[in-house]
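The opening residue of the first sequence carries number 7 in my numbering; numbering runs sequentially from there. What follows is a set of notes on a single structure, which appears directly below.
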Amino acid sequence: MKKRVYEVLSKHIDHPIVLEKPKDKNFGHYATPIAFSLAKTLRRNPMQIAEELAEKLREEEMFEKVDAIKGYVNLKLSQDFLNEYAVWALGHEEDFAKGENGTSILLEFVSANPTGPLHIGHARGAVWGDVLARIGEHVGYRIEREYYVNDAGNQIYLLGLSVYLAGREHLGFEVEWPEEYYRGEYIADLAKKAVDDLGEEKFTDETFIPEISEWAKDRMLELINENLAEVGIFFDHYVSEKSLYDRWDEILTKLADAGAVYEKDGKWWLKSTEHGDEKDRVVVREDGRPTYLAGDIIYHYQKFERGYDHYINIWGADHHGYIARVKAAIAFFGHDPQRLEIILSQMVSLLKGGEPYKMSKRAGNFILMQDIVKEIGADALRFIFLTKKSDTHLEFDVEDLKKEDNSNPIYYINYAHARVFSLFEKAGKSQEEVFGVSMEGLGEDAYDLLFTALLLPEVLEDAFESRQLQKVTDYLKYLAGMYHKFYYDNRIIGTPHEEKLLKLSAMVALSLRVGLKMLGISALKKM
RNA sequence: GCACCCGUAGCUCAGCUGGAUAGAGCGUUGGCCUCCGGAGCCAAAGGCCAGAGGUUCGAAUCCUCUCGGGUGCGCCA
Numbered sequence: 007m008k009k010r011v012y013e014v015l016s017k018h019i020d021h022p023i024v025l026e027k028p029k030d031k032n033f034g035h036y037a038t039p040i041a042f043s044l045a046k047t048l049r050r051n052p053m054q055i056a057e058e059l060a061e062k063l064r065e066e067e068m069f070e071k072v073d074a075i076k077g078y079v080n081l082k083l084s085q086d087f088l089n090e091y092a093v094w095a096l097g098h099e100e101d102f103a104k105g106e107n108g109t110s111i112l113l114e115f116v117s118a119n120p121t122g123p124l125h126i127g128h129a130r131g132a133v134w135g136d137v138l139a140r141i142g143e144h145v146g147y148r149i150e151r152e153y154y155v156n157d158a159g160n161q162i163y164l165l166g167l168s169v170y171l172a173g174r175e176h177l178g179f180e181v182e183w184p185e186e187y188y189r190g191e192y193i194a195d196l197a198k199k200a201v202d203d204l205g206e207e208k209f210t211d212e213t214f215i216p217e218i219s220e221w222a223k224d225r226m227l228e229l230i231n232e233n234l235a236e237v238g239i240f241f242d243h244y245v246s247e248k249s250l251y252d253r254w255d256e257i258l259t260k261l262a263d264a265g266a267v268y269e270k271d272g273k274w275w276l277k278s279t280e281h282g283d284e285k286d287r288v289v290v291r292e293d294g295r296p297t298y299l300a301g302d303i304i305y306h307y308q309k310f311e312r313g314y315d316h317y318i319n320i321w322g323a324d325h326h327g328y329i330a331r332v333k334a335a336i337a338f339f340g341h342d343p344q345r346l347e348i349i350l351s352q353m354v355s356l357l358k359g360g361e362p363y364k365m366s367k368r369a370g371n372f373i374l375m376q377d378i379v380k381e382i383g384a385d386a387l388r389f390i391f392l393t394k395k396s397d398t399h400l401e402f403d404v405e406d407l408k409k410e411d412n413s414n415p416i417y418y419i420n421y422a423h424a425r426v427f428s429l430f431e432k433a434g435k436s437q438e439e440v441f442g443v444s445m446e447g448l449g450e451d452a453y454d455l456l457f458t459a460l461l462l463p464e465v466l467e468d469a470f471e472s473r474q475l476q477k478v479t480d481y482l483k484y485l486a487g488m489y490h491k492f493y494y495d496n497r498i499i500g501t502p503h504e505e506k507l508l509k510l511s512a513m514v515a516l517s518l519r520v521g522l523k524m525l526g527i528s529a530l531k532k533m
């Protein structure tokens, strides 16, 4: 809708237009303060400009009313326009709110180390990335989801060592635990399975640790994927860090050719300060082994090689210091670092009944994602993360999400959706049979509701483009609230307007349903 | 010390490409079921938008500084 308004306005104004939704609905559906900015360039009174503009816009069929008030131009869409749009939307649920864009995006998220189960912090990035992708795809972007698997380095050895030792303990050997190893019951569980799968003999000698590491890492990745699948999150690609190092010599040569690296103290350094980093970073150690950053450099090199238009990485906020060096590497390869966008996902703290949530022993002092899913369900988990910006600290109480009243927004929204279905059932009608009904003669509040329901497309687009997913949840809560009130104020069944109001209800339900789908939450027809 | 994020109602948070009277949920107080699902609706109370300057027709929003909280600052991954 907004697009159509833009188009019409652009015919009359040769200037960038700001369209906003007025806070007070008496001011119409859309408003523009354009006269203020025009006043500056034209050196004329904004009120006059607004009035002249309003005069012209009144001739457009799309608007029922155009007012110039205090320099604002307020626009009210015509009922016919809203009606037509609703009829189309109801008949094309699959296409409703879809857009065309075509830009391809590689979205990397989660990328948790395969050394332990996912914890609650991972869950935030996981849900956020998944929904960003869902919405982006819906509004027309081509998005592929990728998981970067850190399957190289010391941590994998430590995982193997931990499983090896736990396996020995399981077999009855006396075990002396080193200072550094992975704790938590999952290691013991893994060890038992490893003993069964690999055989007891692998636990007799430390030389088998690399083999155990490999096995444990694969198994861990499977577990992580199971955790993610429980919440409905899947990936298109997995890229193994280990596999990348085959190309290190080639990439290092490229960096050297670009003048991006230099040798000092027997190490190779990336001149990341040239592109805004605080200090240069080591990429090859004295003993010749590449650092973790080297892996990331290769990874991003090949990402750009794969030719997407845009790249998004969702990282835990504790990695923020890493952004500058990765972007520096990209710049050295001659790519525009702006094409890589890093979204940070901030910390999460959990409460239960007002008290700090008890850490799971199983996790080794982490709150496991799967425990929270078990406790509040995947939908609630999704919703809580989606009501907040990704880059602010978040604290929530799991008890609140278990309540079944309006303190729980998912129930609130789904209740509105279910109400519509219950109305149709009560009326003995199918949704399809009212699609064609004219909506003429309904009151203002009905049209306000209809207009709000039709806002979904622009809400989704705005949410995706601004990377502010909470706009979708806010909108759904708002629309559901509006419908609850409408329902309370207006009797529907058995009135002369029954079919019209049912159609309106169907439109509201459609927006709620499509909106929830974008969040990966299913809409209930009955609760 | 440096970098990033944050500071809005008692609590958890929206609002931030500057725009008309600062919002929601919870909590508190008080109303609404002989009527389509009360898992709902209505209302009241509650704010120097951390503080101070600046930019301008206009600032919660942009800039600078100060104060407060979080996180990061290995050649670990």
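Even for Gly, the Cβ is constructed at its ideal location relative to N, Cα and C. On a predicted model such as this, the values are computed, not experimentally measured, just so you know.
Rounded to a whole number of angstroms, what is the C-alpha to C-alpha distance between residue i and residue j?
{"i": "V116", "j": "K9", "result": "34 Å"}
{"i": "I349", "j": "I126", "result": "17 Å"}
{"i": "R50", "j": "P463", "result": "36 Å"}
{"i": "L25", "j": "Y12", "result": "8 Å"}
{"i": "L63", "j": "D454", "result": "21 Å"}
{"i": "N231", "j": "V440", "result": "44 Å"}
{"i": "I378", "j": "L356", "result": "10 Å"}
{"i": "Y307", "j": "D480", "result": "38 Å"}
{"i": "A37", "j": "Y493", "result": "28 Å"}
{"i": "T121", "j": "R189", "result": "10 Å"}
{"i": "K277", "j": "I23", "result": "43 Å"}
{"i": "A132", "j": "V79", "result": "42 Å"}
{"i": "G517", "j": "F33", "result": "A quick correction: the sequence has Ser, not Gly, at residue 517. Taking the straight line joining both Cα atoms gives about 24 Å."}
{"i": "A45", "j": "K82", "result": "23 Å"}
{"i": "D252", "j": "K17", "result": "57 Å"}
{"i": "H490", "j": "L507", "result": "13 Å"}
{"i": "G360", "j": "K260", "result": "55 Å"}
{"i": "L456", "j": "G105", "result": "21 Å"}
{"i": "K364", "j": "A386", "result": "19 Å"}
{"i": "V169", "j": "M7", "result": "58 Å"}
{"i": "S366", "j": "G166", "result": "22 Å"}
{"i": "Y421", "j": "W134", "result": "24 Å"}
{"i": "Y244", "j": "A118", "result": "12 Å"}
{"i": "N160", "j": "E256", "result": "24 Å"}
According to DSSP, which residues form a beta bridge with residue i?
{"i": "Y317", "result": "L112, L346"}
{"i": "T279", "result": "T279 pairs with nothing; no bridge assigned."}
{"i": "P296", "result": "V290"}
{"i": "R148", "result": "S110"}
{"i": "A75", "result": "Looking at the sequence itself, residue 75 is Ile, so the reference to Ala does not match. Beta-bridge pairing links I75 to Y78."}
{"i": "G322", "result": "S351"}
{"i": "Y494", "result": "Per DSSP, none; premise fails for Y494."}
{"i": "F372", "result": "S366"}
For residue i, which residues of its own chain have a beta-carbon under 8 Å away from its beta-carbon, when the five flanking residues on both sides are left out?
{"i": "F310", "result": "Y317, I336, F339, H341, R345"}
{"i": "F42", "result": "P52, G77"}
{"i": "V290", "result": "L258, K273, W274, P296, T297, A300"}
{"i": "W254", "result": "P296, A300, I304"}
Would you mind stating whether residue i and residue j have Cβ atoms separated by less than 8 Å?
{"i": "E401", "j": "A334", "result": "no"}
{"i": "K532", "j": "A433", "result": "no"}
{"i": "E247", "j": "V155", "result": "yes"}
{"i": "Q476", "j": "L392", "result": "yes"}
{"i": "D495", "j": "D451", "result": "yes"}
{"i": "S351", "j": "G327", "result": "no"}
{"i": "D157", "j": "K223", "result": "yes"}
{"i": "D242", "j": "R312", "result": "no"}
{"i": "A486", "j": "V426", "result": "no"}
Kindly list the residues whose CB is nearer than 7 Å to the CB of residue i, restricted to its own chain and excluding five residues on each side of it in sequence; keep chain order.
{"i": "N89", "result": "M445"}
{"i": "R519", "result": "H423, A529"}
{"i": "E381", "result": "V404"}
{"i": "Y314", "result": "S110, I111, L112"}
{"i": "K408", "result": "I382"}
{"i": "I193", "result": "S168, V169, A172"}
For residue i, which residues in the same chain have their Cβ closer than 6 Å to its Cβ, ignoring the five residues on either side in sequence?
{"i": "E505", "result": "V440, V443"}
{"i": "V330", "result": "The question names Val, yet the displayed sequence has Ala at residue 330. Counting only Cβ-Cβ distances below 6 Å, and skipping sequence neighbours, we find G282, D283."}
{"i": "D73", "result": "N80"}
{"i": "F214", "result": "K208"}
(message) Pairs of beta-carbons, one from the segment 466 to 476 and one from the segment 136 to 148, closer than 8 Å: are there three or more?
(response) Between the segment 466 to 476 and the segment 136 to 148, the count of Cβ pairs shorter than 8 Å is three or higher; the stretches touch.
(request) Mind the definition here: the segment 228 to 243 touches the segment 170 to 186 only if three or more C-beta pairs lie below 8 Å; say whether that holds. (result) At 8 Å Cβ cutoff, the stretches do not touch.
(message) For the pair the segment 173 to 183 and the segment 191 to 199, tell me if three or more CB-CB distances fall below 8 Å.
(response) Per the Cβ contact rule, the segment 173 to 183 is in contact with the segment 191 to 199 (3 or more Cβ pairs under 8 Å).
(request) Examine the Cβ distances between the segment 100 to 108 and the segment 290 to 307 and report whether three or more of them are shorter than 8 Å. (result) When Cβ pairs closer than 8 Å are counted between the two stretches, the segment 100 to 108 is seen not to touch the segment 290 to 307, the count staying below three.
(request) Check whether the segment 317 to 327 touches the segment 264 to 278, counting contact only when three or more Cβ pairs, one atom from each stretch, lie closer than 8 Å. (result) Contact fails between the segment 317 to 327 and the segment 264 to 278, because fewer than three Cβ pairs, one in each stretch, are under 8 Å apart.
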